[in-house]
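Let me begin by presenting the structure, written as structure tokens, before commenting on it.
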Amino acid sequence: METTQTSKSYLSTRVANLKPSGIRKFFDIVATMKDVISLGIGEPDFTTPLPILEAGVRSLHAGETHYTSNSGKIELRKALTQKWENLYGVSYHPEKEVLISVGGSEALYLACTAILNPGDEVIIPTPCFVAYQSEVLLAGGVPVEVPLKAEDNFDLKPAAIAAAITPRTKAILLGFPNNPTGAVASRETLIEIGKLAEKHDLIVMSDEIYDRLVYGVKHVCFPSLPGMRERTILLGGFSKDYAMTGWRIGFACAPEEILTGMLRVHQYTIMSAPTTAQDAATEALLKAETYVQDMVHEYDRRRQLIVSGFNQLGLKTVEPHGAFYAFPNVSISGMDEDTFANRLLSEERVAMVPGTAFGAGGEGYCRASYATAYEKIEQALERMEKFMRRLG
Ligand code: PMP
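In case it helps, the numbering used here puts the sequence shown at residues 5 to 396.
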């Protein structure tokens, strides 16, 4: 029997138009190769600290194998609000203004879905986490990229944000400490952004998933700034600070009306975040502080190694003060970021992600994660030295 060829797609236009993540594409290639030193992965190399693991196991043995409240276990929500109050002086009502999600990723999806109408614009400083533009698009919004510049240390520029505001702007999506640049936003800058949000009545989605991973500077929690709590959706998670990527726990804190909207979406799509992982996350907040400090100390050692290593190779790197990424400028090689990353991978088996995977502003740069062992970073630098020497 003859089959009829059809060009019809069963996918919705919204999904068909989503671009695959530039990171995934790259790592599909890496996965087929041997002896690669990966500076590409955006997750801690540390295993989750033992007390947290044990709390998960205890939870299972205690028969905690059921759904929890849609918002998440109240013990976890209380421990979380306590932490943000202690660290940053911002307080949320654990019963009405907090939601435990499946990773920060789900929290971001819920935030976009809850606040965006079709055509609403969201200003996104880039380079940024690969999901931001796609989450906005999925929710029917329009991402408006504002490229940050290396000569400004990839710092937020309130004037550039102001210039991107239109009558359709609904929100600004901030991600500091930043993936992929490692930039940390200063209090003064964030206050200026807050003034813009107030003037134009905008919501600020503030992704603070790397809040504890800062080196020699203080993290400024956006909703702790004057007047900002009422217009901010605070997004965060346990993946980075506590080395818990596989447990899939994140959260959102927001004023009751917004949080209730997000909860409605969460309730129909997820029900509740995994129970075992919620118990482990509670333990993380209550018992893992020294582990966090030890990990931060080790990241800092690696950060210094990689930044000075890159600069010595002529790959100019702005000092990153947060997260676990360095963002070297590779244009001295005479290649664009894509060619550089691909040749470095095939010739020396070192993996870095081309900066353009993170949006406009990443041209000429690659992202290197230092969430990998110190010795491996040393080896990667040796291999890169050979590579750079060959280029002349
Ligand atoms: N935000 C940023 C800035 C990230 O880098 C990531 C993970 N790479 C996430 C959110 C999502 O993390 P998770 O879903 O594991 O909490």
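Ideal placement from N, C-alpha and C gives every residue a C-beta, glycine not left out.
Just so it is clear, the structure is predicted and the values come from calculations on it, not from any experiment.
| query | result |
| --- | --- |
| Per DSSP, what kind of secondary structure is asparagine 183 in: helix, strand or coil? | coil |
| Grab the span of the beta strand (DSSP E) containing aspartate 398 for me, first residue to last. | The requested residue 398 is not part of the displayed model; the chain covers only 5 to 396. |
| Among the residues of its own chain, which have a CB less than 8 Å from the CB of valine 221, if the five just before and after it don't count? | Val188, His325, Gly326 |
| Just list the residues that DSSP pairs leucine 54 with in beta bridges. | None; leucine 54 has no bridge partner. |
| Are the CB atoms of valine 269 and alanine 175 within a distance shorter than 8 Å? | no |
| Measure the alpha-carbon distance for alanine 355 versus phenylalanine 391 and round it to whole angstroms. | 13 Å |
| By how many angstroms is the C-alpha of leucine 395 removed from the C-alpha of glycine 338? | 9 Å |
| In three-state terms, what does DSSP make of valine 357? | strand |
| Looking at the secondary structure, which residues open and close the alpha helix (DSSP H) in which arginine 191 lies? | 191 to 203 |
| Can you list the residues near ligand 1, meaning Cβ strictly closer than 6 Å to any non-hydrogen atom, in the order they appear in the chain? | Gly46, Gly107, Gly108, Ser109, Phe133, Gly179, Asn183, Asp211, Ile213, Gly241, Ser243, Thr249, Gly254 |
| How would you label arginine 252, buried or exposed, when you count the other beta carbons within 10 angstroms and need 16 or more for buried? | buried |
| Enumerate in chain order the residues of its own chain whose CB-to-CB distance from proline 55 is below 7 Å, with the five nearest sequence positions on each side excluded. | Glu287, Lys291, Ala292 |
| Just how far apart, CA to CA, sit valine 138 and glycine 60? | The residue asked about is misnamed: residue 138 is serine in this sequence, not valine. Each residue's alpha carbon lies about 32 Å from the other. |
| Taking the alpha-carbon of arginine 387 as reference, which of Asp39, Ile197, Pro278, Arg191 has the nearest alpha-carbon? | Asp39 |
| Going by Cα to Cα distance, which pick from Ser312, Phe133, Lys161, Gln271 is closest to glycine 359? | Phe133 |
| Measuring CB to CB, does glycine 368 end up less than 8 Å from asparagine 333? | yes |
| Just mark methionine 5 as buried or exposed, buried being the case when its beta carbon has 16 or more other beta carbons within 10 Å. | The predicted position of methionine 5 is uncertain, since its pLDDT is 48 and thus under 50; a value taken from the coordinates is nonetheless stated next. So methionine 5 counts as exposed. |
| Classify glutamate 341: buried if its beta carbon has 16 or more other beta carbons within 10 angstroms, exposed otherwise. | buried |
| Specify the secondary structure class of alanine 256 as computed by DSSP and reduced to three states. | strand |
| Check whether the region 222 to 236 touches the region 63 to 83, taking contact to mean three or more Cβ pairs, one atom from each stretch, closer than 8 Å. | no |
| Determine, using beta carbons only, whether proline 151 and glutamate 196 come nearer to each other than 8 Å. | no |
| Going by DSSP, what residue range makes up the beta strand (DSSP E) through glycine 366? | Taken as a continuous stretch (DSSP letters only), glycine 366 belongs to no beta strand (DSSP E), as it is neither H nor E. |
| With 16 other CB atoms within 10 Å as the buried threshold, where does threonine 185 fall? | buried |
| Around the C-beta of proline 147, are 16 or more other C-beta atoms found within 10 angstroms, so that it is buried, or is it exposed? | buried |
| Can you tell me where the alpha helix (DSSP H) with methionine 392 in it begins and where it stops? | 378 to 395 |
| Quick one: what's arginine 371 bridged to in DSSP? | Val357 |
| Which runs of the beta strand (DSSP E) at least 3 residues long sit entirely within the region 118 to 177? Give them in chain order. | 125 to 130, 146 to 151 |
| May I have the straight-line CA-CA distance separating glutamate 352 from alanine 345, to the nearest angstrom? | 10 Å |
| Residues bridged to tyrosine 329 by DSSP? | Ser373 |
| Note down, in chain order, each residue of its chain lying with its Cβ closer than 6 Å to the Cβ of aspartate 124, except the 5 sequence neighbours on either side. | Gly145, Lys174 |
| Determine whether the beta carbon atoms of valine 300 and leucine 217 lie at a separation below 8 Å. | yes |
| Quick check on DSSP: helix, strand or coil for leucine 239? | strand |
| Starting from valine 102, trace the alpha helix (DSSP H) both ways and give me its first and last residue. | That residue, valine 102, is in no alpha helix (DSSP H); its beta strand (DSSP E) goes 102 to 105. |
| Exposed or buried, tyrosine 14, counting other C-beta atoms within 10 Å across all chains shown (16 or more means buried)? | exposed |
| Hey, leucine 114 and methionine 266: beta-carbon distance below 8 Å or not? | yes |
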